[in-house]
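Plus 140 on top of the position in the sequence shown (first one is 1) and you've got the numbering used here.
Note that the Cβ used here is the ideal one computed from N, Cα and C, for glycine as well.
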Amino acid sequence: MEVTKPTKGAGGRRGGGQRTKISKSVKAGLQFPVGRIARFLKKGRYAQRMGSGAPIYMAAVLEYLAAEVLELAGNAARDNKKNRINPRHVLLAVRNDDELGKLLQGVTIASGGVLPNINPVLLPKKTTSTSETPKSPKSPKKA
Numbered sequence: 141m142e143v144t145k146p147t148k149g150a151g152g153r154r155g156g157g158q159r160t161k162i163s164k165s166v167k168a169g170l171q172f173p174v175g176r177i178a179r180f181l182k183k184g185r186y187a188q189r190m191g192s193g194a195p196i197y198m199a200a201v202l203e204y205l206a207a208e209v210l211e212l213a214g215n216a217a218r219d220n221k222k223n224r225i226n227p228r229h230v231l232l233a234v235r236n237d238d239e240l241g242k243l244l245q246g247v248t249i250a251s252g253g254v255l256p257n258i259n260p261v262l263l264p265k266k267t268t269s270t271s272e273t274p275k276s277p278k279s280p281k282k283a
């Protein structure tokens with residue numbers, strides 16, 4: 141009796157060797173970990189059931205928000221002639237952007253400080269200069 145080695149099973153289930161594992165993040169083209177977010181969503185028991193696209197969508201949204209905040213904070217750091225982003229730069233970036241400011245309205249950023257703001261009422265009043273109100277010339281001197 142001859143025993144033949146099966147080349148490939150039904151539906152490719154047997155044989156074929158090892159496949160390299162490709163993460164869901166690589167498949168989706170994301171940097172944020174899709175598998176970890178899926179695990180947290182499952183363990184958190186936010187719902188009885190969860191779709192397969194939910195962690196991918198959530199990872200994409202979180203990655204976009206992180207990239208947006210980092211870009212604006214980097215611009216704020218460059219404006220202050222710094223090479224590193226610190227909490228002050230993150231605060232300036234978030235508060236000066238309308239949409240991010242609305243999203244993070246009730247959030248306190250540690251060591252961020254406050255936006256520079258002086259009420260216009262407290263500023264000194266502008267005095268009228270001599271060029272605006274021409275003085276009447278004195279009477280001509282007698283020769």
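Near residue i, what residues of its chain come up, given a Cβ to Cβ distance below 8 Å and the 5 sequence neighbours on each side ignored?
| i | result |
| --- | --- |
| Ser165 | Gln171, Phe172, Pro173, Val174, Gly175 and Ala199 |
| Glu203 | Leu170, Gln171 and Phe172 |
Out of the options, which one is the CA nearest neighbour of residue i?
| i | options | result |
| --- | --- | --- |
| Ala217 | Leu202, Leu205 and Ala233 | Ala233 |
| Val230 | Val209, Leu244 and Lys182 | Val209 |
| Ala250 | Asn226, Ala168 and Arg179 | Asn226 |
| Gly252 | Arg228, Leu262, Val261 and Glu239 | Arg228 |
So is residue i buried or exposed if we call it buried at 16+ other beta carbons inside 10 Å?
| i | result |
| --- | --- |
| Ala213 | buried |
| Thr177 | According to the sequence displayed, residue 177 carries Ile and not Thr. So Ile177 counts as buried. |
| Ile162 | exposed |
| Ile196 | buried |
Would you say the beta carbon of residue i comes nearer than 7 Å to a heavy atom of the ligand MN?
| i | result |
| --- | --- |
| Asn215 | The ligand MN is not among the ligands present in this structure, which contains no ligands whatsoever. |
Give me, in chain order, the residues of the same chain whose beta-carbon lies closer than 6 Å to that of residue i; leave out the 5 immediate sequence neighbours on both sides.
| i | result |
| --- | --- |
| Arg235 | Gly241 and Leu255 |
Could you pull out every unbroken alpha helix (DSSP H) segment of at least 4 residues lying fully inside the region 154-223, listed in chain order? 164-168, 174-183 and 194-219
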